[in-house]
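K.L.:
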Amino acid sequence: MAKIRYISAQELKQLYDTDEVLVCDIREHDEFNREHIRGALNMPLSKFDPKQLAIAGKSMEHVAIHCQSGNRTKMNEAKFAQIDREEVLIVNGGISAWKAIGCIVNKNSKAPLPIMRQVQIVAGSLIMLGVLLGYFVAPGFFLLSGFVGAGLTFAGVTGFCGMANLLMLLPYNKKQQCGVCQ
0 MAKIRYISAQ ELKQLYDTDE VLVCDIREHD EFNREHIRGA LNMPLSKFDP
50 KQLAIAGKSM EHVAIHCQSG NRTKMNEAKF AQIDREEVLI VNGGISAWKA
100 IGCIVNKNSK APLPIMRQVQ IVAGSLIMLG VLLGYFVAPG FFLLSGFVGA
150 GLTFAGVTGF CGMANLLMLL PYNKKQQCGV CQ
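For the sequence shown, numbering that gives the first Met the number 0 gives the first residue as 0, with consecutive numbering after it.
1. Ends of the alpha helix (DSSP H) at residue 143?
2. By alpha-carbon positions, which one of 43, 130, 91, 47 ends up nearest to residue 143?
3. Starting from the C-beta of residue 111, find all residues in its chain whose C-beta is less than 6 Å away, skip the five residues before and the five after it, and write them out in chain order.
4. Identify, in the order they occur along the chain, each residue of the same chain with its Cβ nearer than 8 Å to the Cβ of residue 20, setting aside the five sequence neighbours on each side.
5. Which runs of the beta strand (DSSP E), 3 residues or longer, sit entirely within the region 61-137?
6. Could you name the residues of the same chain whose beta carbon sits closer than 7 Å to that of residue 38, not counting the 5 residues immediately before and after it, in chain order?
7. Here's the rule I'm using: 16 or more other beta-carbon atoms within 10 Å means buried, otherwise exposed. How should residue 181 be labelled?
8. Residue 32: buried (16+ other C-beta within 10 angstroms of its C-beta) or exposed?
9. Residue 165 to residue 149, Cα distance in whole Å?
10. Take the Cβ of residue 157 as the centre, count every other Cβ of all protein chains shown within 10 Å, and call the residue buried at 16 or more, exposed below.
11. In the DSSP assignment, find the unbroken beta strand (DSSP E) run with residue 44 in it and report its ends.
12. Hey, residue 67 and residue 93: beta-carbon distance below 7 Å or not?
13. Does the distance from the CB of residue 104 to the CB of residue 65 come in under 7 Å?
14. Should residue 82 and residue 53 be called a contact, given that it needs their Cβ atoms to be closer than 7 Å?
15. Are the C-beta of residue 172 and some C-beta of chain B separated by less than 7 Å?
16. Quick check: the Cα distance between residue 70 and residue 146, rounded to an integer number of angstroms?
17. In the structure shown, what three-state DSSP assignment does residue 177 receive?
Have a look at this one:
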């Protein structure tokens, strides 16, 4: 069982400059493809395997794990403690803290918006459309707004978002595998 130690982005930068650290990004593939620390390994939390990470980081002195803001890493500390190492580093503030201290990230400006932002845009637009059509055309269009609201409520309660799954089928949202999860 690994000892967990929290480090700042500045401490990660010092380790990164020595090439003695494997940086593991636990964000999902779409987030990683949009921007990531150069050389980082992408192992999304949804597919996280402590054994794979232990193998990948075998030749490195340190393994540092980060997400976007640090929340996902803190909430899943027990998973990271299962990595077969003496110590696992967790980066406080995630990639946001890394960028805040002026460190460079690889960016892909052609990557699509995060899927949840796409859901918010589509859901908000459909709700507004339903309200406007219901008010100006026919009251039956208010059902569109109600249907979308019910779908969002269902997604919040169950964790299953049908709209997100539909949006993921669009060509520009096709997952591009990378890291050890190919």
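Positions of the beta carbon are idealized from the N, C-alpha and C atoms, including for glycine.
P.N.:
According to the structure data:
1. 141-157
2. 130
3. 171, 172
4. 11, 14, 59, 60, 61, 62, 63, 88
5. 61-65, 86-90
6. 22
7. Reliability of the predicted coordinates at residue 181 is poor, the pLDDT of 38 falling under 50, and the value obtained from them is presented with this limitation in mind. Result: exposed.
8. buried
9. 16 Å
10. exposed
11. No beta strand (DSSP E) holds residue 44; DSSP gives it neither H nor E.
12. yes
13. no
14. yes
15. Reference to chain B is not applicable here, since this structure consists of a single protein chain.
16. 32 Å
17. Summary for residue 177: the model assigns pLDDT 48, below 50, so the residue's position carries little reliability; its value from the coordinates is reported in the next sentence. Coil, per DSSP.
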